[in-house]
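Participant: Below is a structure I'd like to ask you about.
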Amino acid sequence: MTLQVIEPAGARSREAREHIQLPLRLTEFFNNVAFTGPETLGNGRLNVWGNSLPIGTLPTGRIRVSGVEFDVPAPDGVAPDNVRCTGQLVHLPDGTAADWLHLLITSERRCEETVHLHYASGAVDPEWIRVSDFWPATGHFGEVLAARSAGMHYPHHIQRDLGGQVWSVRVPAVRREPLRSVRLPDNAALHLFAITVEGVR
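Per the numbering used here, the sequence shown starts with residue 949, numbered consecutively.
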């Protein structure tokens, strides 16, 4: 391990820190339908009761949530629109600098799980991910509320006085080396819509 030289704060001028954000497209991993329309209510699979959120709850394309850019494909109520987490391995471009992982995510129930971060050196670090459920309530873990729906979809009806929620959650990447891949939790209660990797230089 290389010993880092500690200098007085005034020894050199402050350098501006640059934040590099890399939104990832997850469509190849999509395996679940979370958003439906009035004609596709029966396709919803946010939980065992077949709940779903209305199409349009989450803006699509390149969106920004609390200063973080995400890439969110447009749902149609038929094709899968999210990753139901079952331990998928998401590879990153070579040389990806990462200090934070930002996730647009929700959960069938309050979850405390583990994401495994795979680094260029071969090191693998487990990191906590904590996600509140999609039912209307204040986030239990201090997450940022990314979206709230105007109603809740059931397989055979729409309840307009009950909304669902999508959260923005961040996970630290503590090693100062490139991140190669991310192993998602093996917990099918977690529904992931987008990931952005942020590096600070």
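Backbone N, C-alpha and C define an ideal beta-carbon position, used for all residues, glycine too.
Can you name the start and end residues of the beta strand (DSSP E) that A1094 belongs to?
Facilitator: Within the sequence shown, the letter at position 146 stands for residue 1094. Taken as a continuous stretch (DSSP letters only), the beta strand (DSSP E) holding A1094 covers 1092-1096.
Participant: Between the Cα of H967 and the Cα atoms of A1027, V1079, V1016, Y1067, which residue gives the shortest distance?
Facilitator: Mapped onto the sequence shown, residue 967 falls at position 19. Checked all of A1027, V1079, V1016, Y1067; the closest Cα to H967 is V1016.
Participant: What are the complete beta strand (DSSP E) segments, minimum 3 residues, inside the region 1052-1129?
Facilitator: Entirely contained in the region 1052-1129, the beta strand (DSSP E) runs reaching 3 residues are, in chain order, 1059-1067, 1072-1079, 1092-1096, 1113-1120.
Participant: Taking DSSP as the reference, what is the three-state secondary structure of L1150?
Facilitator: Since the first and last residues shown for the chain are 949 and 1149, residue 1150 lies out of range.
Participant: Considering only their Cβ atoms, is the gap separating A1027 from L1127 smaller than 7 Å?
Facilitator: Counting from 1 along the sequence shown, the entry for residue 1127 is found at position 179. Counting from 1 along the sequence shown, the entry for residue 1027 is found at position 79. No. Outside cutoff.
Participant: Looking at C-beta atoms only, is the number of pairs between the region 1128-1141 and the region 1018-1036 that lie closer than 8 Å three or more?
Facilitator: Enough Cβ pairs lie closer than 8 Å, so yes.
Participant: Applying the criterion that 16 or more other CB atoms from any shown protein chain within 10 Å of the CB defines a buried residue, is D1109 buried or exposed?
Facilitator: Locating residue 1109 in the sequence shown gives position 161, where the first residue counts as 1. The residue is exposed, with fewer than 16 neighbouring Cβ atoms inside 10 Å.
Participant: Leaving out five residues before and five after S1179 in sequence, what residues of the same chain have Cβ atoms less than 7 Å from its Cβ?
Facilitator: Absent from the model: residue 1179. The displayed extent of the chain is 949 to 1149, so no value can be given.
Participant: By the DSSP assignment, the beta strand (DSSP E) with N1135 in it spans what residues?
Facilitator: Within the sequence shown, the letter at position 187 stands for residue 1135. Residues 1134-1148.
Participant: What three-state label does DSSP hand S961 in the structure shown?
Facilitator: The count along the sequence shown starts at 1 and reaches residue 961 at position 13. With a pLDDT of only 48 at S961, under 50, the local geometry of the prediction cannot be trusted, and no value is derived from it.
Participant: Who are the Cβ neighbours of F1082 in its own chain at under 6 Å, not counting the five residues just before and after it?
Facilitator: Reading the sequence shown from its first residue, position 134 is the one you call residue 1082. So the list reads T1054, G1112, Q1113, once near-sequence residues are dropped.
Participant: Is it true that the CB of T1044 sits closer than 7 Å to the CB of A1022?
Facilitator: Translated into the one-based positions of the sequence shown, residue 1022 becomes position 74. Translated into the one-based positions of the sequence shown, residue 1044 becomes position 96. No, they are not a contact pair.
Participant: When the Cα atoms are used, what is the spatial distance from S911 to S1116?
Facilitator: There is simply no residue 911 to check, as the chain begins at 949 and stops at 1149 in what is shown.
Participant: T1034 by DSSP, collapsed to three states: which one?
Facilitator: Position 86 of the sequence shown holds residue 1034. If DSSP states are grouped into helix, strand and coil, T1034 belongs with the strands.
Participant: Would you mind reading off the limits of the beta strand (DSSP E) that contains G1009?
Facilitator: Walking along the sequence shown from the start, residue 1009 turns up at place 61. First-last of the beta strand (DSSP E) with G1009: 1009-1013.
Participant: In this structure, how does DSSP classify N980 when only helix, strand and coil are distinguished?
Facilitator: Here residue 980 corresponds to residue number 32 of the sequence shown, with the count starting at 1. Reduced to three states, the DSSP call for N980 is strand.
Participant: Thinking just about the alpha-carbon of each residue, which of R1078, Q1107, D1042, N991 is nearest to the one in S1097?
Facilitator: Along the sequence shown, read from residue 1 onward, the residue named residue 1097 stands at position 149. Among R1078, Q1107, D1042, N991, the Cα nearest to that of S1097 is on Q1107.
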